[in-house]
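J.:
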Amino acid sequence: MLCLLQEGLSLDDTYQSYVNRVARLTLPETHRNQLLNLQPSPKYHQGRPVPFPGYSIVTPPGPADPLNPALYEQLVPVQQNLQEIFGPAFCALPPDSFHLTLADLIWDGAYQDAIAENPQFVTDLKQRIQQSFQGYQPVWSESGFIQWQLLGLLVFPRALAVALAPKGEGDYPPIVELRRSLYQNQGLMSLGVEQQYHFTAHISLGYFDQVPALVAEETVLDKLSQVNDQWLVNDPQFFKIQQVELRYFSDMTCFTRETSDPVLQLTQD
250 MLCLLQEGLS LDDTYQSYVN RVARLTLPET HRNQLLNLQP SPKYHQGRPV
300 PFPGYSIVTP PGPADPLNPA LYEQLVPVQQ NLQEIFGPAF CALPPDSFHL
350 TLADLIWDGA YQDAIAENPQ FVTDLKQRIQ QSFQGYQPVW SESGFIQWQL
400 LGLLVFPRAL AVALAPKGEG DYPPIVELRR SLYQNQGLMS LGVEQQYHFT
450 AHISLGYFDQ VPALVAEETV LDKLSQVNDQ WLVNDPQFFK IQQVELRYFS
500 DMTCFTRETS DPVLQLTQD
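Residue 343 in the working numbering sits at position 94 of the sequence shown, with consecutive numbering throughout.
(1) Kindly indicate which residue of K375, P310 and A408 has the alpha-carbon position closest to the one of D345.
(2) Going by CA-CA distance only, name the one from P337, I490, E366 and W356 that's closest to A450.
(3) Which runs of the alpha helix (DSSP H) fall wholly inside the segment 258-307 and span at least 4 residues, in chain order?
(4) CA-CA distance, P461 and L276?
(5) Are the CB atoms of F487 and W397 within a distance shorter than 8 Å?
(6) For P300 versus S499, is the C-beta distance shorter than 8 Å?
(7) Excluding the 5 residues flanking P511 on each side, which residues of the same chain have their C-beta closer than 8 Å to its C-beta?
(8) For the putative contact between L342 and L427, defined by C-beta atoms under 8 Å, what is the C-beta separation to the nearest angstrom?
(9) On the DSSP bridge assignment, give the partners of E494 in chain order.
(10) Whole angstroms are fine: how far does the CA of L513 sit from the CA of Q386?
(11) Under three-state DSSP, which class holds G441?
(12) Between Y497 and the rest of its own chain, which residues show a CB-CB distance below 6 Å, the 5 nearest in sequence each way excluded?
(13) How long is the line joining the alpha carbons of R297 and D261, rounded to whole angstroms?
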């Protein structure tokens, strides 16, 4: 495994601690606790996405991703089940927006302040992302891609998602190394880009724009467990990662890029 940063200098886990932490998040007891803390997301209002601009490093979203269409198709009925459980409080994302975020960069107020203070901010951001990408060494992979397994549902206070964990120990370090190349880039740090959260790989399914009326909490938990159990009963589902891109988002449904924007191939075969 690639060496991790010294203690205190990174929020990244080791491989095993990552798997253990994220697996716990998919358990019914965690879901129970999270259901007590649901709150409206600022990213949605009255069933519609709210402007929330910024930049992230993501896998190609939706139809732009040739590796994962079958997995994305399987997530649509999951969204439908969640809408039945939570009603109009849950706003499902369009499948065309499905993606995995590898690194959050800058968003919302911080992004708006940055472009107001520095007219060259976006140009500077893209140049420094390109620097990080140029310094990244793609890993060898016989299959041509990295694989992360779908573990189960995540209940966040403002959103619902499916969690991902590395298929094997060798699938974890390339992602840590990518994040390190970005968050340790002094040029990016000078632009206000910093690592703020533990990395929890997930594909967002939708957001709460109001607190749902959970009249019978046990019933909700039972239904969530039924949705969750399909990934334990059926064959494992794997998300394939080969290419990541710098993408601009105007809200949580629209991730776009210019043809000249930085792109990185994580693997070589």
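Virtual Cβ for every residue (Gly too), placed ideally from N, Cα, C.
Since the model is a prediction, treat every value here as computed from it, not as a measurement.
T.: On the basis of the supplied data:
(1) Counted from its first residue, the sequence shown places residue 345 at position 96. Checking every option, the nearest Cα to that of D345 belongs to P310.
(2) By 1-based counting over the sequence shown, the position of residue 450 is 201. Measuring from the Cα of A450, the nearest candidate turns out to be I490.
(3) 264-274 and 277-284
(4) The count along the sequence shown starts at 1 and reaches residue 461 at position 212. The count along the sequence shown starts at 1 and reaches residue 276 at position 27. Between P461 and L276, the C-alpha separation is close to 20 Å.
(5) For the purposes of this step, residue 397 is identified with residue 148 of the sequence shown, where counting begins at 1. For the purposes of this step, residue 487 is identified with residue 238 of the sequence shown, where counting begins at 1. Yes, Cβ-Cβ distance for W397 and F487 is below 8 Å.
(6) Start at 1 with the first residue of the sequence shown, and residue 300 comes out as number 51. Start at 1 with the first residue of the sequence shown, and residue 499 comes out as number 250. Taking 8 Å as the Cβ cut-off, P300 and S499 qualify as a contacting pair.
(7) For the purposes of this step, residue 511 is taken as the residue at position 262 of the sequence shown. K375, I378, Q379, F382, E494 and L495.
(8) What you label residue 342 is simply residue 93 of the sequence shown in a count that begins at 1. What you label residue 427 is simply residue 178 of the sequence shown in a count that begins at 1. Not a contact, Cβ separation roughly 24 Å.
(9) As a working note, residue 494 is residue 245 in the sequence shown. In the DSSP output, where bridge partners are listed per residue, E494 has V307 and V512.
(10) Residue 386 sits at position 137 when you count from the first residue of the sequence shown. Residue 513 sits at position 264 when you count from the first residue of the sequence shown. Their backbone Cα atoms lie some 10 Å apart in a straight line.
(11) Within the sequence shown, the letter at position 192 stands for residue 441. Residue state, collapsed to three classes: coil.
(12) Looking up residue 497 in the sequence shown gives position 248. Counting only Cβ-Cβ distances below 6 Å, and skipping sequence neighbours, we find Y304 and T505.
(13) Looking up residue 297 in the sequence shown gives position 48. Looking up residue 261 in the sequence shown gives position 12. Taking the straight line joining both Cα atoms gives about 33 Å.
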